Amino acid sequence: MIPIEPALVNTSEGIIRSAAARIGGFFVFWMIMMTELAVKNLSFNYDNAPSLINNLSLTWPIGDFSLLIGPTGCGKSTLMKLLADLLQPQQGKICRQGRVGMMFQDAGEQFTMATPRDEIIFALENLQVSPQKYPARLDYAVATTQIGNLLDQEIVTMSGGQKQRVALAVLLAMNTDILLLDEPFASVDPEGRQFLIAKLSQLQQAGKTIIISDHLLDDYADVVQHVFSFSKQGVTELGEAEKKQLFQPSPQVYGHFATEVETSCFTLTQTQLTTNQLILDQEHLQLAKGKITLITGKNGVGKTSLFRALSKLMPYTGNISYEGSELSQLKARTYLQEVAQVFQTATDQFLRVTVGEELALSKQRRNAFYTDKRIQQVLEEMNLADKLDQSVYTLSGGQKKLLQLLIMLITNHRVLLIDEPLSGLDAHACQLAVKLIKENQTALQQSILIISHQTRLLLPICDYHLEFANQRLVYREV
Amino acid sequence: MNPSLKFILVLIISLEVSVKMSLTANVVLIIGAIIYLLFQKMPLLKIGRLIVIPIPAALTVYLTLAVFTAHPDQYSGLSLASRVYVYVLLIACVIVNTSAATFARSLEQNLHLPSKFAYGVLAALNLFPKIQQAIKQIRASGMMRGEYLSFWSPMLYFKAILQALNSAENLSQAMQTHGFVEGQKRSTIAQVPIFLSDWLSFAGLLLIITYLVWFFN
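Respectively, the protein sequence lines represent chains A and B.
The opening position of the first sequence corresponds to residue 161 in my numbering, with each subsequent residue numbered one higher.
The opening position of the second sequence corresponds to residue -7 in my numbering, with each subsequent residue numbered one higher.
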């Protein structure tokens, strides 16, 4: 609400201002009154799968910022899709008043048009917004999310974080009353994340209802009013004490990392990478052999492109040598059996239909470390042991990531390029993933490069820390 | 010219050209189309590609009719071979200065096609670069797990189709969350107008070309 300065109350300007504040306040109140979101006796299951949501009744606080937490695969995404009217429940009722907008886990697959401007036009035309009102809505959405420089860029060429900014801009232009955000920050850098959470908090203060699911709890302590915990038993709201406990700041990790590489698997010399602009211009760099290196850097800086170049999916200029041979001279077919990438999107990795078939394929070329016994043990830890006949596409976002990591750890490789292994994983699954990566590396002496923003969890297992900024990769001591 | 009018014009001309053999009309159309493409600042390399790629098709047609036949006929060989170029270059003229989005909007606004159809086509077009990327990625994923998928491997396309189905479902949900409801009225923010000059050039070009096609060999 707009604060009123007492000194102004009696002047004409003051009267106008106070009236504006009252109207503004009334408007927020009216908006909240006209909005409702509740579920009653809701049950849902996917075809042939056990019930995911069972007789759930819940009323969402309107005009507030709510955080939804819970383990991977418990049904958070499904509940959000039900609330957004994208899925129909088998039983129960959903009361929905006011316009609901949703942001998806998979940043790339939420746009119909090629560019942000066209997408915003498409959405506003759907809502029958007049051409006269369009410029103001566009300007507001663009200014709030700061996507002015991206407005006419093709969405396919953007990084995960940029796409999520655009997705938020579309919802802002649409002026939805309720914003459902399903793990929207899985691939967003810490700065981008802080920026978006602050924007969402401002929107909530302006009367919007925000419901967000996330596994990483940083930056929420001061902005959320409610935390709902989702489990097999149902959904419960956390009390004040539990909330406080949940948001306890975790200890900062201070490591000390080497900056000199002894033996290298990759050497970059006068290397340049270009997408639609120059992203890497590296004079000289060695990547350590038999070690774990964490690569951090802002969204869109070119981290994934570096991995694409190292796995021969993207051309480069200058030199990149792998074990003394020029990368461009090596045959992809043999090279990729030694050097593999664990993609950011899990489904890109899958080649078969069911979980069991994926595992069987990996077992054909497995390393000595992954015996049948170990595979079974890890599957149980991942809660995937009873899902062998399930299609990989129907697993939850987190389960897909875990399975993807497992099939790549089983396969015999000397170098693994792991892109965002922890995105979409709950705290328990994160720890498991980190542990498995470390165990593999120790047992097989693999060279592992990891891209992630989650330094707190990953730095303890890393030997080197590379920072990607200003078109250069530089080793950091902390 | 308005994209829909241009599309209809090209459609009519293509039909006329395929019904009646006219080398003169074909040559005029080919030269006209190239001049138009140059005028629209299409890079020379791209124009070159448009001329080189159809060579096998055009040459086959020419050789069949003008050389390897009991009654070789230079005229029909040349006019049918040049037809291949007429089609390719006219289609290039339609897409050279029209984005997929503008074309979809024009279909919806000018030809009053259902918006579901217009945007469905558009969404599918936007999937193309994704599918290209996916095929490259699937091949690499295969190699990373010791499975070599050649370009004629059914597994490659099976997997690509699986992914496309998955994307299609996500896409329809995406359209829905951005307010798209089948059959519901939509407003028009990005207008694709038809000017008088569009109609005049449409009628003028149609008359001239029809005259050329039917009265010149």
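The C-beta atom is built at its ideal place from N, Cα and C for all residues, glycine as well.
As the structure is a computational prediction, the values presented were derived from the model and not from experiment.
Residue from the options whose Cα sits closest to the Cα of residue i
| i | options | result |
| --- | --- | --- |
| L680 of chain A | A:Q322, A:V387, A:H375 and A:Q442 | Given that chain A is displayed from residue 161 to residue 638, the structure contains no residue 680 of chain A and the question cannot be resolved. |
| I452 of chain A | A:Q250, A:F282, A:L618 and A:M273 | A:L618 |
| S612 of chain A | A:V538, A:A244, A:V348 and A:F407 | A:V348 |
| G584 of chain A | A:I608, A:L596, A:Q614 and A:L454 | A:Q614 |
| G478 of chain A | A:A492, A:Q509 and A:E443 | A:E443 |
| K533 of chain A | A:G484, A:I570 and A:M474 | A:I570 |
| E196 of chain A | A:L218, A:H625, A:N205 and A:L470 | A:L218 |
| V53 of chain B | B:Y140, B:I39, B:L36 and B:S74 | B:S74 |
| L246 of chain A | A:F204, A:P276, A:R632 and A:L287 | A:F204 |
| Q324 of chain A | A:L428, A:D312 and A:L341 | A:L341 |
CB of residue i within 9 Å of CB of residue j, strictly
| i | j | result |
| --- | --- | --- |
| L539 of chain A | L519 of chain A | yes |
| W220 of chain A | A198 of chain A | yes |
| R468 of chain A | Q489 of chain A | no |
| T531 of chain A | S319 of chain A | no |
| M273 of chain A | N102 of chain B | no |
| T304 of chain A | K359 of chain A | yes |
| Q257 of chain A | M263 of chain A | no |
| Q559 of chain A | T232 of chain A | yes |
| Q265 of chain A | A346 of chain A | yes |
| I5 of chain B | V205 of chain B | yes |
| A132 of chain B | A506 of chain A | no |
| V513 of chain A | V575 of chain A | no |
| Q564 of chain A | G138 of chain B | no |
| N208 of chain A | Q251 of chain A | no |
| H625 of chain A | L454 of chain A | yes |
| Q129 of chain B | L566 of chain A | no |
| P(-5) of chain B | S98 of chain B | yes |
Chain B contact for residue i (CB, 9 Å cutoff)
| i | result |
| --- | --- |
| I162 of chain A | Legend: pLDDT at I162 of chain A = 39, less than 50; position of this residue unreliable, value from coordinates given subsequently. Not closer than 9 Å to any Cβ of chain B, the Cβ of I162 of chain A fails to qualify, so no. |
| P291 of chain A | yes |
| E165 of chain A | Summary for E165 of chain A: the model assigns pLDDT 39, below 50, so the residue's position carries little reliability; its value from the coordinates is reported in the next sentence. Chain B contact via Cβ: absent. |
| Q606 of chain A | no |
| N208 of chain A | no |
| N479 of chain A | no |
| H444 of chain A | no |
| N170 of chain A | Because the pLDDT at N170 of chain A is just 47, under 50, the model does not fix this residue reliably, and the point stays unresolved. |
| L529 of chain A | Inspection of the sequence shows that residue 529 of chain A is occupied by Phe rather than by Leu. Answer no: the Cβ-Cβ gap between F529 of chain A and chain B never drops below 9 Å. |
| T272 of chain A | yes |
| A244 of chain A | yes |
| I567 of chain A | yes |
| E269 of chain A | yes |
| M262 of chain A | yes |
| M318 of chain A | no |
| S373 of chain A | no |
| T507 of chain A | yes |
| R256 of chain A | no |
| Y380 of chain A | no |
| Q524 of chain A | yes |
Cβ of residue i within 9 Å of any chain A Cβ
| i | result |
| --- | --- |
| G196 of chain B | no |
| S91 of chain B | yes |
| L103 of chain B | no |
| P121 of chain B | yes |
| K128 of chain B | yes |
| Q176 of chain B | yes |
| L99 of chain B | no |
| V173 of chain B | yes |
| I181 of chain B | yes |
| M13 of chain B | no |
| M147 of chain B | yes |
| Q66 of chain B | no |
| V19 of chain B | no |
| Q32 of chain B | no |
Any non-hydrogen atom of the ligand NAD closer than 8 Å to residue i Cβ
| i | result |
| --- | --- |
| T431 of chain A | By its list of ligands, the structure shown contains no ligand whatsoever, and the ligand NAD lies outside what it can speak to. |
> Which residues, in order along the stretch 149 to 170 of chain B, keep a beta-carbon less than 7 Å from a beta-carbon of chain A?
Replying inline: Contact residues of the stretch 149 to 170 of chain B toward chain A are K151, Q155, N158, S159, N162, L163, Q165, A166, M167, Q168, T169 and H170 (C-beta to C-beta distance below 7 Å).
> Going along the stretch 571 to 602 of chain A in order, which residues come within less than 7 Å of chain B, judged by CB to CB distance?
Replying inline: Those residues of the stretch 571 to 602 of chain A that come within reach of chain B (Cβ to Cβ, closer than 7 Å) are T571.
> At what residue ranges does the stretch -1 to 49 of chain B contain a whole run of the alpha helix (DSSP H), taking only runs of 4 or more?
Replying inline: Within the stretch -1 to 49 of chain B, the complete alpha helix (DSSP H) runs of at least 4 residues are 15 to 31 and 36 to 44.
>> So if I threshold CB-CB distances at 7 Å, which residues from the stretch 131 to 144 of chain B count as touching chain A?
In response: In summary, the residues of the stretch 131 to 144 of chain B whose CB is separated from some CB of chain A by less than 7 Å are A132, S133, G134, M135, M136, R137, G138, E139 and Y140, in the order they occur in the chain.
>> In chain order, what are the residue ranges of uninterrupted beta strand (DSSP E) at least 3 long that sit wholly in the stretch 363 to 415 of chain A?
In response: As far as the stretch 363 to 415 of chain A is concerned, its whole beta strand (DSSP E) runs of at least 3 residues are 369 to 373, 386 to 391 and 394 to 397.
> Listed in chain order, which residues of the stretch 276 to 291 of chain A have Cβ atoms closer than 8 Å to some Cβ of chain B?
Replying inline: Residues passing the 8 Å Cβ filter: D278, E279, I281, F282, A283, L284, E285, N286, L287, Q288, V289, S290 and P291.
> What residue ranges within the stretch 230 to 294 of chain A form continuous beta strand (DSSP E) runs of no fewer than 3 residues, ordered along the chain?
Replying inline: Within the stretch 230 to 294 of chain A, the complete beta strand (DSSP E) segments at least 3 residues long are 251 to 257 and 260 to 263, listed from N- to C-terminus.
> Of all the alpha helix (DSSP H) runs that stay within the bounds of the stretch 289 to 334 of chain A, which reach a length of 4 or more residues?
Replying inline: Qualifying alpha helix (DSSP H) stretches, in chain order: 294 to 305 and 320 to 334.
> Of all the residues that make up the stretch 106 to 119 of chain B, which are near chain A by a beta-carbon distance shorter than 9 Å?
Replying inline: Cβ contacts with chain A: S107, Y111, L114, A115, L117 and N118.
> Got a sec: which bits of the stretch 329 to 355 of chain A sit with their beta carbon under 7 Å from any beta carbon on chain B, in order along the chain?
Replying inline: Those residues of the stretch 329 to 355 of chain A that come within reach of chain B (Cβ to Cβ, closer than 7 Å) are V330 and M334.
> Which runs of the beta strand (DSSP E), 3 residues or longer, sit entirely within the stretch 152 to 179 of chain B?
Replying inline: If only complete runs of 3 or more residues are kept, the stretch 152 to 179 of chain B shows no beta strand (DSSP E) anywhere.
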